[in-house]
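Input: a single structure, listed below in structure tokens.
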Amino acid sequence: MRYELKSIPVWAFLKITFFVNLIAGFVLGIFMTPLVGVFSVVLVSIFQMQGTNFDVSNSLDSIIVATPVILSFLFAFVLTSFEIVVVFIYNIFASFIGGISFVLEPEKSTGNKQKQSTPAVPQKVSPQKSDSIKQQYKKQDNPPPLPPVLNKKEKIIQKNIVQESEIKKEEPQQMTDKPVRVRIAPSPSGYLHVGTARMAIANFLYARHTGGQFLIRIENTDAARSDDSLIEPIISALKWLGIESDEEIIFQSDRIELYEKYAQQILKDGKGYRCFCSPELLAADREEAKANKGPLRYNRRCLHLTQEEIDKKIADGEKFAIRIKIPDGQTSFNDIVSHELKRDNREIEDFIIARSDGTATYNLAVVIDDNDMKISHVIRGNDHITNTFKQIHIYNALGFTLPTFGHVPLILRPDKKKVSKRLGDKDVAQYREEGILPEAMFNFLCLLGWSPKTDREIYNVQELIEIFNPNNFNNSNAIFNEEKLEAFNKEHIALKSDHELAVLVAPLLVEAGYTSKYWLETRWEYLRSVISILKTRVRRVSDFVELSKYFFDFDYSYDAKADEKNFTPEAIDILNQFAERLEKLDVYTKETIESTLSELAVEKDMKKGKLIHPTRLAVSGIPNGPGLYDLLFVLGQKEVVERMKKAAVYIQQK
RNA sequence: GGCGAUAUCGUCUAACGGUUAGGACCGGCGGUUCUCAUCCGUCAAAUAGGGGUUCGAUUCCCCUUAUCGCUACCA
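Convert by adding 1068 to the 1-based position in the first sequence; the result is the number in this note's numbering.
Here you go:
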């Protein structure tokens, strides 16, 4: 428990003291007045029995008679002082631990976003984290000298290290004895969208954090809606994020018979019943309920059919679905993310567990599979809360033990609707096409609706595994903001080495037709240098392509506006002279390029900018880009001279 | 309509019941620089409304409002 001194205003202290003393005074008045009277009478009587007669005009006698009164005042004074001391101590105490109520009724504060709750699992954070986070990421070809003065970001990182070590001090507590086994269960009715990806990330992190297993199950019980060709894209999109199943992937389509067996068992045990209502009839029921503004639940028409009626309908060849019979009462469960969720069973309809063709519906299949796969924690979107109530009744009907549930708030589109393929939301793989790094997507989705409770935002996967705690989910839905994703992407690009980025960019350059695979393979160092000087100008990996065009395209044109401004007649002379001097350089480095330019500027009595701008335009065709010395160095001596001379000719001719 | 969940800057989020309500993205303005970017500094921006409990409420309770979700022989 952490103690922290809080100040209480003086007037608040006085106010409490005043009220306490008012009560004390009242109590004293009630009890002391008769007591003093009796005591006075007794005292006077004793003296009288001894034959002493009192004369109130005698000062000594007056004092004797007044003694009880004086004593009672003294007593009151002592008592009041005592009250003050008590109140003072109370305040000191309260200021340390935030009030007596915390000690007396700790359970009252549990509703407050799990502030007192201990982490579900031990917090394993590696001690070497005190190294600069940035340094850990940097690869061999980019050794970062740590600046002696920390910048703002590093200060934040250092601050977080302190905070994280504080978190670790809390007593870890295992949420359940069961080994952790979690799953993600996408259905192949669309591509992998960010909502599913986020749930996969949460489950995956929980499994890794606890040392448990993460599994994938494909939910394709609905033959009409499922498309097996979508399975592979979903799995590969997850793989792109670094998420793979620890065991063989389970397909519900392989288990249809098993589900049927359990559906029959529920029917046989009297926990369910046959429903002969046709879909059309049910739809009409719903319409009617809507018109009457009543609840849209099944009216249990078929619950009370007699055995003869049932036999007759079966004999007549009527098709039936199987419904589960929801008992009377109330259903409740404890949720990791939310708290206790309760529902009156009257709100849960007798839903269908097996269709009239005998196949199982979603809820039955899920329960059977989760039980079979020994899933310990079902962590999913809170759009499943209604399903959880239904599924609990299947667990009960089949005698299975319940897993622990966690219902996570949803990710919403900017228009605040639930993300879905139907509304044209992007496939996760599409972000890959658009130059988002998987690390950035992982990091961003993890922090959407979940918080590490620090001021830091950029983490790699390993760090997220270490700090992940399902208690830290936010209670409200979060809007997916692509601008913020881009910002995360920028940060993760900065953390990548030039080589890693070159590997990603190379195929894009080939695809764009700027160069060939062979050309790049023989000039890998060149590509790496190009990446290196463009890195800070990029938000998406794909941005490299457009920005680096002139490094690979030798037939570029000049930006019209810049042409007009910088390619003046005097630029011809500048370009030619500068090119000649560069050509003569024996040692061609950034330093020699810079000194050459400086010398020329001095000789011509010009500002450096006068030389720089035409040169930049000559070698790149555009007015902005990397620092000129970097640019000239990376392009190479021969190429630069050639381009400058070409530009001089161009100006002459225009 | 019924049931449920949720409510802090525009967005993502911090804040043992006591803070000047903090950070990040976006935006504005500066600085660094040959340009653009980076980087640095800085500004603007929020506790939905109303009651209650409390010396004190963003925090606990209730009501209202709003938002979201579910309400299929879909998953």
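Glycine included, each C-beta is placed from N, C-alpha and C at the ideal position.
(request) Please go through the same chain and pick out, in chain order, the residues whose beta-carbon is closer than 8 Å to the beta-carbon of Leu1553, but skip the five residues on each side of it. (result) Walking along the first sequence from the start, residue 1553 turns up at place 485. The answer, listed in chain order, is Tyr1499, Ile1504, Ala1508, Met1509, Phe1512.
(message) Suppose you measure from the CA of Ala1465 to the CA of Lys1339; what does that come to, to the nearest Å?
(response) Translated into the one-based positions of the first sequence, residue 1465 becomes position 397. Translated into the one-based positions of the first sequence, residue 1339 becomes position 271. Their backbone Cα atoms lie some 6 Å apart in a straight line.
(message) Once DSSP output is grouped into helix, strand and coil, what is the label at Val1250?
(response) Within the first sequence, residue 1250 is the residue found at index 182, counting from 1. In the structure shown, Val1250 sits in a strand (DSSP, three-state: E or B).
(request) Tell me whether Ala1352 is buried or exposed, calling it buried when 16 or more other Cβ atoms sit within 10 Å of its Cβ. (result) What you label residue 1352 is simply residue 284 of the first sequence in a count that begins at 1. By the neighbour-count rule (16 or more Cβ atoms within 10 Å), Ala1352 is not buried but exposed.
(request) Express the C-alpha separation of Ile1547 and Lys1484 in angstroms, rounding to a whole number. (result) In the first sequence, residue 1484 corresponds to position 416, counting from 1. In the first sequence, residue 1547 corresponds to position 479, counting from 1. Going from the Cα of Lys1484 to the Cα of Ile1547 covers about 7 Å.
(request) Would you mind stating whether Leu1679 and Ser1688 have Cβ atoms separated by less than 8 Å? (result) For the purposes of this step, residue 1679 is identified with residue 611 of the first sequence, where counting begins at 1. For the purposes of this step, residue 1688 is identified with residue 620 of the first sequence, where counting begins at 1. Leu1679 is not a Cβ neighbour of Ser1688, given a cutoff of 8 Å.
(request) Report the option in Asp1425, Glu1300, Asp1418, Ile1599 whose CA atom is closest to the CA atom of Leu1572. (result) Counting from one through the first sequence, the residue named residue 1572 turns up at place 504. Residue Ile1599 is the option with its Cα nearest to Leu1572.
(request) Could you spell out the range, first to last residue, of the beta strand (DSSP E) harbouring Gln1398? (result) Locating residue 1398 in the first sequence gives position 330, where the first residue counts as 1. Residues 1398-1402.
(message) Three Cβ pairs or more, each shorter than 8 Å: is that satisfied between the stretch 1302-1322 and the stretch 1410-1418?
(response) No, because fewer than three Cβ pairs between the stretch 1302-1322 and the stretch 1410-1418 fall closer than 8 Å, the two stretches do not touch.
(request) Grab me the residues of Leu1516's own chain with a C-beta within less than 8 Å of its C-beta, minus the 5 sequence neighbours each way, in chain order. (result) Taking the first residue of the first sequence as 1, we reach residue 1516 at position 448. Result list for Leu1516: Arg1266, Ile1479, Ala1546, Phe1548, in chain order.
(message) Rounded to whole angstroms, what is the Cα-Cα separation between Gln1196 and Asn1450?
(response) Residue numbering aside, residue 1196 sits at position 128 when the first sequence is read from its first letter. Residue numbering aside, residue 1450 sits at position 382 when the first sequence is read from its first letter. Because Gln1196 sits at a pLDDT of 28, beneath the cut-off of 50, its placement in the model cannot be relied upon, and the following sentence gives the value as read from the coordinates. Looking at the two C-alpha atoms, the distance is approximately 37 Å.
(request) Counting only runs of 3+ residues fully inside the stretch 1482-1549, write out the beta strand (DSSP E) ranges in chain order. (result) Those beta strand (DSSP E) runs which fall completely within the stretch 1482-1549 and span 3+ residues do not exist here.
(request) To the nearest angstrom, report how far apart Thr1590 and Phe1701 are at their CA atoms. (result) On the first sequence, position 522 is the one that residue 1590 refers to. On the first sequence, position 633 is the one that residue 1701 refers to. Each residue's alpha carbon lies about 19 Å from the other.
(request) Could you check the C-alpha separation between Phe1468 and Gln1320 for me, to the nearest Å? (result) Taking the first sequence and counting its residues from 1, one reaches residue 1468 at position 400. Taking the first sequence and counting its residues from 1, one reaches residue 1320 at position 252. Between Phe1468 and Gln1320, the C-alpha separation is close to 19 Å.
(request) Assuming Ile1640 and Ile1526 form a contact by the criterion Cβ under 8 Å, report the distance between their Cβ atoms to the nearest whole angstrom. (result) Here residue 1640 refers to the residue found at position 572 of the first sequence. Here residue 1526 refers to the residue found at position 458 of the first sequence. Between Ile1640 and Ile1526, the beta carbon gap of about 48 Å keeps them out of contact (Cβ cut-off 8 Å).
(request) Measure the CB-CB distance between Ile1561 and Pro1694 and report whether it falls below 8 Å. (result) As a position in the first sequence, residue 1561 is number 493, starting the count at 1. As a position in the first sequence, residue 1694 is number 626, starting the count at 1. Contact: no.
(message) According to DSSP, is Pro1195 part of a helix, a strand, or is it coil?
(response) Within the first sequence, the letter at position 127 stands for residue 1195. In this predicted model, Pro1195 has a pLDDT of only 29, less than 50, meaning its place in the structure is not dependable; the value taken from the coordinates is given anyway. If DSSP states are grouped into helix, strand and coil, Pro1195 belongs with the helices.
(request) For Lys1722, count neighbouring Cβ atoms within 10 angstroms of its own Cβ and tell me buried if that reaches 16, exposed if not. (result) In the first sequence, the residue the question calls residue 1722 occupies position 654. So Lys1722 counts as exposed.
(request) At 4 residues or longer, and completely inside the stretch 1301-1359: list those alpha helix (DSSP H) runs for me, N to C. (result) The alpha helix (DSSP H) runs of length 4 or more contained entirely in the stretch 1301-1359 are, from start to end of the chain, 1324-1336, 1347-1359.
(request) For His1407, write down the residues that DSSP places opposite it in a beta bridge. (result) Reading the first sequence from its first residue, position 339 is the one you call residue 1407. Answer is none; His1407 lacks a bridge partner.
(request) In angstroms with no decimal places, state the Cα-to-Cα distance between Tyr1729 and Pro1691. (result) Any property of residue 1729 remains undetermined from this structure, which presents the chain solely from 1069 to 1722.
(message) Checking the sheet assignment: what are the DSSP bridge partners for Ile1561?
(response) Residue numbering aside, residue 1561 sits at position 493 when the first sequence is read from its first letter. Secondary-structure assignment with DSSP links Ile1561 through no beta bridge to anything.
(message) For Arg1251 and Ile1302, which I take to be in contact (beta-carbon distance under 8 Å), what is that distance rounded to the nearest angstrom?
(response) Taking the first sequence and counting its residues from 1, the one referred to as residue 1251 is at position 183. Taking the first sequence and counting its residues from 1, the one referred to as residue 1302 is at position 234. Actually they do not touch by this definition, with Cβ atoms about 14 Å apart.
(request) Look at the alpha carbon of Pro1575 and the alpha carbon of Phe1620, and state the distance between them as a whole number of angstroms. (result) Residue numbering aside, residue 1575 sits at position 507 when the first sequence is read from its first letter. Residue numbering aside, residue 1620 sits at position 552 when the first sequence is read from its first letter. The C-alpha of Phe1620 is placed about 14 Å away from the C-alpha of Pro1575.
(message) For a quick check, are the C-beta atoms of Ser1400 and Arg1249 less than 8 Å apart?
(response) On the first sequence, position 332 is the one that residue 1400 refers to. On the first sequence, position 181 is the one that residue 1249 refers to. No; because the gap between Cβ atoms is not below 8 Å, this pair is not in contact.
(request) Run the CB neighbour count on Gln1281, radius 10 Å, all protein chains shown included, and call it buried at 16 or more, exposed below. (result) Numbered from 1 along the first sequence, position 213 holds the residue referred to as residue 1281. That one is buried.
(message) Please report the distance separating the alpha-carbon of Lys1458 from that of Gly1385.
(response) Residue 1458 sits at position 390 when you count from the first residue of the first sequence. Residue 1385 sits at position 317 when you count from the first residue of the first sequence. Cα-Cα distance, rounded: 30 Å.
(message) Tell me which residue opens and which closes the alpha helix (DSSP H) that His1567 is part of.
(response) By 1-based counting over the first sequence, the position of residue 1567 is 499. Its alpha helix (DSSP H) spans residues 1566-1579.
(message) What residue range does the beta strand (DSSP E) around Thr1472 cover?
(response) Numbered from 1 along the first sequence, position 404 holds the residue referred to as residue 1472. The continuous beta strand (DSSP E) containing Thr1472 extends over residues 1472-1476.
(message) Please report the distance separating the alpha-carbon of Val1110 from that of Phe1143.
(response) Here residue 1110 refers to the residue found at position 42 when the first sequence is read from its first residue. Here residue 1143 refers to the residue found at position 75 when the first sequence is read from its first residue. Taking the straight line joining both Cα atoms gives about 19 Å.
(request) Quick one: grab the DSSP three-state call for Asp1621. (result) Walking along the first sequence from the start, residue 1621 turns up at place 553. In this structure, Asp1621 counts as coil in the three-state DSSP scheme.
(message) For the stretch 1369-1388 against the stretch 1340-1349, do three or more pairs of beta-carbon atoms, one drawn from each stretch, fall closer than 8 Å, so that the two count as touching?
(response) Judged by Cβ distances under 8 Å, the stretch 1369-1388 makes contact with the stretch 1340-1349, as three or more pairs qualify.
(message) Once DSSP output is grouped into helix, strand and coil, what is the label at Phe1107?
(response) Looking up residue 1107 in the first sequence gives position 39. Correct three-state label for Phe1107: helix.
(message) Quick check on the DSSP output: what are the complete beta strand (DSSP E) runs of length 3 or more inside the stretch 1405-1448, in order along the chain?
(response) Within the stretch 1405-1448, the complete beta strand (DSSP E) runs of at least 3 residues are 1408-1412, 1420-1422.
(request) State yes or no: is the C-beta of Ala1305 within less than 8 Å of the C-beta of Val1496? (result) Locating residue 1305 in the first sequence gives position 237, counting from the first residue. Locating residue 1496 in the first sequence gives position 428, counting from the first residue. Yes.
(request) Could you tell me which of Gly1105, Pro1102, Ile1132, Glu1559 sits nearest to Phe1115, measuring between CA atoms? (result) By one-based count along the first sequence, residue 1115 stands at place 47. Closest option to Phe1115, Cα to Cα, is Ile1132.
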